[in-house]
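Visitor:
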């Protein structure tokens, strides 16, 4: 099964399956408030992203435990170039690193 492509050959899917990395169009279908159905991947037939239903604290714990699925959820399905200001994040990280490095060496 092939993912949907634009006329120029780029993939139109915004999300990825956490199991196999196959592009998918949506992670869930909402029938009513509080009633959602998680979508299954067309390639591996597993639930595309389990972390949609989880609370933020569970995601943070799994990130601390270095679970790859938690990182995949965070980078592929939560953050995008439209939601995160990467340039500001880069400058903030560099500034924090330099300040902490100066404090350590004083």
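In the working numbering, the protein residues as written are 3 to 108. Every residue gets a Cβ at the ideal spot worked out from N, C-alpha and C, and that includes glycine.
1) Tell me residue 49's beta-bridge partners as DSSP assigns them.
2) Kindly indicate the opening and closing residues of the alpha helix (DSSP H) around residue 30.
3) Excluding the 5 residues flanking residue 31 on each side, which residues of the same chain have their C-beta closer than 6 Å to its C-beta?
4) List the DSSP bridge partners of residue 18.
5) Answer yes or no: do residue 54 and residue 29 have a C-beta to C-beta separation smaller than 7 Å?
Guide: Taking the coordinates as given:
1) 42
2) No alpha helix (DSSP H) contains residue 30, which is instead part of the beta strand (DSSP E) from 30-34.
3) For residue 31, where only same-chain residues beyond five positions count, the Cβ hits under 6 Å are 39.
4) 25
5) yes
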